[in-house]
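Visitor:
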Amino acid sequence: MPGRQLLAKLIGATSGAEPHETKAALLAFLCNFVLLASYYVLRPMRDTMATVFGVAALQNLFTGTFVLTLLCAPLFAWAAARVRLERLLPGVFWFLLSNLLIFYFLFRAAPQDRWLAAAFFWWFSVINLFLVSIFWTLMADVFSSGQATRLFAFIAAGGSAGAIAGPLLTAGFVRSVGVAGMLLVAGAGFLLVILLVHLLMREKARLRAASPRAQKTTLDHPLPGHPLRGFALLFKSPFLLNQAAFMLLMTWIATLFYFLQTDIVAKTFSGMENRAIAFADVDLFVNAATAAILILGLGRSLQRFGVTPCLMLTPLLMGLACLGIAMAPSFLLIQAARSAQRISQYAIARPSREVLFTVMDQQSKYKAKNVIDTAVYRFGDLTAAWLQAGLRGAGLGLVGVMGFGMAVSAAWGVVAWALGHRYETLRRHDQTAAAQAEPPWPLRSRP
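Just so you know, the sequence shown maps onto residues 2 to 448 in our numbering.
#1: Tell me whether Pro228 sits in a helix, a strand or coil according to DSSP, three-state version.
#2: Taking a contact to mean a Cβ-Cβ separation below 8 Å, would you say Arg354 touches Phe247 in this structure?
#3: I need the straight-line Cα distance from Cys32 to Gly398, nearest angstrom please.
#4: What distance in whole Å lies between the Cβ atoms of Trp137 and Thr66, which are believed to be in contact at a cut-off of 8 Å?
#5: Using the Cβ count rule (16 or more neighbours within 10 Å means buried), how would you classify Ile103?
#6: I'd like the list of long-range same chain contacts for Ser446, defined as Cβ closer than 7 Å, with 5 residues on each side in sequence excluded.
#7: Using only the alpha-carbon positions, how far apart do Arg339 and Ile254 sit?
#8: Count the other CB atoms within 10 Å of the CB of Ser271; is the residue buried (16 or more) or exposed (fewer)?
#9: What's the C-alpha gap between Leu297 and Met202?
#10: Starting from Asp142, trace the alpha helix (DSSP H) both ways and give me its first and last residue.
#11: How many Å lie between Phe405 and Leu235 at the Cα?
#12: Of all the alpha helix (DSSP H) runs that stay within the bounds of the segment 264-338, which reach a length of 4 or more residues?
#13: For a test of the three-state rule: what should DSSP assign to Gly92, helix, strand or coil?
#14: Considering Cα atoms alone, identify which of Asn371, His430 and Trp387 is closest to Ala469.
#15: Nearest to Ala412 by alpha carbon, out of Thr219, Met319 and Val93?
#16: To the nearest angstrom, how far is the alpha carbon of Leu43 from that of Ala376?
#17: Quick one: what's got a C-beta closer than 7 Å to Leu169's C-beta in the same chain, skipping five residues either side?
#18: By the 10 Å Cβ neighbour count, where 16 or more other Cβ atoms means buried, how is Gly231 classified, buried or exposed?
#19: Drop a sphere of 10 angstroms on the beta-carbon of Lys217, count the other beta-carbons inside from all chains shown, and report buried for 16 or more, exposed for fewer.
#20: Pull up the distance between the alpha-carbon of Ile326 and that of Val400, whole angstroms please.
#21: Checking contacts by CB at 8 Å: is Ile373 closer than that to chain C?
#22: Whole angstroms is fine: what's the gap from Tyr259's alpha carbon to Leu11's?
#23: Does the beta-carbon distance from Gly307 to Gly421 come in below 8 Å?
#24: Would you tell me roughly how many angstroms separate the C-alpha atoms of Arg379 and Val416, rounded to the nearest one?
#25: Counting along the chain, where does the alpha helix (DSSP H) carrying His21 start and finish?
#26: Contact defined as beta carbons within less than 8 Å: I believe Ala18 pairs with Leu152. What is the distance between those atoms, to the nearest angstrom?
#27: Considering just the uninterrupted stretch of the alpha helix (DSSP H) at Ala354, what are its terminal residues?
#28: Look at the alpha carbon of Arg214 and the alpha carbon of Leu130, and state the distance between them as a whole number of angstroms.
#29: Spatial neighbours of Gln364 within its chain, please: CB distance less than 8 Å, with the 5 preceding and 5 following residues excluded, ordered by chain position.
#30: Tell me where the alpha helix (DSSP H) around Ser146 begins and ends.
#31: Tell me which residues share the same chain as Trp442 and place their Cβ nearer than 6 Å to its Cβ, disregarding the 5 neighbours each side in the sequence.
#32: Secondary structure at Leu86, three-state DSSP: helix, strand or coil?
#33: What's the gap between the Cα of Arg1 and the Cα of Ser126?
#34: Using only the alpha-carbon positions, how far apart do Leu139 and Phe63 sit?
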């Protein structure tokens, strides 16, 4: 059909997808769009709950989040060892959808309850990482390393487009339907994600049959191992440990700027709805810029310069941002630095980092990656929160915090270089193995 052919050509021109990859790339784009739209409908709600307690209590909220994350990561590994992946992946979203419905009825019954606000903050701060981690784990299991360098920027752009739609939905409807009503909007998105996950799992099997360079794993089995298997794999692999260090340092920087933004919004805006809209407006700007970078530049940069420079760029930018705030702190500069931190993380660091997992085995993708994306991430939140409180308690103030941020950025850059170097070695090994497995000419069946 002409329309379908035109769409395929457009996707190919935008993402570099080959004809047999077009459908999978489009489904992944749409799934990430809906997932992040639902995420960003809920995110301003979570940030609004944080303002109920004030910035002084954030480290306590982060402590609770970390404890819950530590409990959830082994539970996911336990489920992965007993349930086939083709059932586990959509099953996670069914479970989270049921959670949303419970919160909907609780907020209608007690909208001003502080404990309910804390519970939602903790719940969302745990599950948002699982949502994104599971999606990108599936992507690393569907696409090979060669496909990932071409397609992951396009797929990530779908998430950024969804992240634009989410804040628009929140800003447009939160006053009329309230916080509780927005939970139902996000729930509808989860239903669509479940459908798209099923379609992506089918595409994985089709890609596997279409090319010897595709990922060879299947989803018709569980992943045997004890609940702490992800932690065991992490501590046995230097490559995975470096990825954990990358995540930890990235999270420290993000948490420093999150504290600054939360404090500013709480002091500037009054009322839950006004604060939710303020967070949503910032989200809109961040994600519009992120989508532009992903569509116009990152995919080509990954192919032209490789993963290593893309991994190192964000630490460099954050070091400069911390230096600028330390020298001339202001409201606008802090807001701009927070936006730059999120844009560079979502548009550059995150997609580049996800490519690294395409050269890992399936156990590492589903278990060790989940530990890094959740437990290590929240450990970074927790330690950064208490470190910042300690720095301010010692009288160092904003300058001391930014000095700490510059040191973290420098260490982050070194880790990024080491990660990129090791990835390139593993990728070349995979490409050599795939080339040896591919027949030198098309095999023809005998008549």
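We put the beta carbon where it would ideally sit given N, CA and C, even for glycine.
Guide: Short version:
#1: Three-state result, Pro228: coil.
#2: Between Arg354 and Phe247, the gap from beta carbon to beta carbon is short of 8 Å.
#3: Cα-Cα distance, rounded: 43 Å.
#4: Incorrect: roughly 20 Å between the Cβ atoms, too far for contact.
#5: Counting other Cβ atoms within 10 Å of its Cβ, Ile103 stays below 16 and is therefore classed as exposed.
#6: With a pLDDT of 39 at Ser446, under the threshold of 50, the modelled position of this residue cannot be trusted; read the value that follows with caution. Within the same chain, Ser446 has no close Cβ partners at all.
#7: Note on geometry: alpha-carbon atoms of Arg339 and Ile254 lie some 10 Å from one another.
#8: Looking at its Cβ environment, which holds fewer than 16 other Cβ atoms inside 10 Å, Ser271 is exposed.
#9: Note on geometry: alpha-carbon atoms of Leu297 and Met202 lie some 28 Å from one another.
#10: Asp142 -> alpha helix (DSSP H) spans Arg115 to Val143.
#11: Distance between Phe405 and Leu235, taken at the CA atoms: about 27 Å.
#12: For the segment 264-338, whole alpha helix (DSSP H) runs of length 4 or above, ordered along the chain, are 273-294, 300-306 and 308-328.
#13: In the structure shown, Gly92 sits in a helix (DSSP, three-state: H, G or I).
#14: Outside the modelled stretch of the chain, which goes from 2 to 448, sits residue 469, for which no answer is possible.
#15: That would be Met319, whose Cα lies nearest to the Cα of Ala412.
#16: So the two alpha carbons sit approximately 21 Å from each other.
#17: When the five nearest sequence neighbours on each side are left out, the beta carbons in the same chain lying within less than 7 Å of the beta carbon of Leu169 are those of Leu285, in order along the chain.
#18: So Gly231 ends up on the buried side.
#19: Lys217 is exposed by the Cβ-count criterion.
#20: Distance between the alpha carbons of Ile326 and Val400: 8 Å.
#21: Judged by its chain identifiers, the structure shown contains no chain C, having just a single protein chain.
#22: Going by the C-alpha atoms only, they are around 37 Å apart.
#23: Using a Cβ distance threshold of 8 Å, Gly307 and Gly421 count as a contacting pair.
#24: Roughly 19 Å separates the two Cα atoms.
#25: Boundaries for His21: no alpha helix (DSSP H) harbours it, and the DSSP string shows neither H nor E there.
#26: The beta-carbon separation of Ala18 and Leu152, rounded to 6 Å, stays under the 8 Å limit for a contact.
#27: A quick correction: the sequence has Arg, not Ala, at residue 354. Annotation: the continuous alpha helix (DSSP H) that includes Arg354 extends over Arg351 to Leu357.
#28: Distance between the alpha carbons of Arg214 and Leu130 is about 30 Å.
#29: Here the set comprises Leu224, Gly226, Arg230 and Leu234.
#30: Its alpha helix (DSSP H) spans residues Ser146 to Ala211.
#31: Per-residue confidence for Trp442 stands at a pLDDT of 38, beneath the threshold of 50, marking its modelled position as unreliable; the derived number appears in the next sentence. The answer is none, since no qualifying residue turns up.
#32: In the three-state scheme derived from DSSP, where H, G and I count as helix and E and B as strand, Leu86 is classed as helix.
#33: Here the chain covers residues 2 to 448 and nothing more, so residue 1 does not appear.
#34: Straight-line measurement puts the Cα of Phe63 at about 28 Å from the Cα of Leu139.
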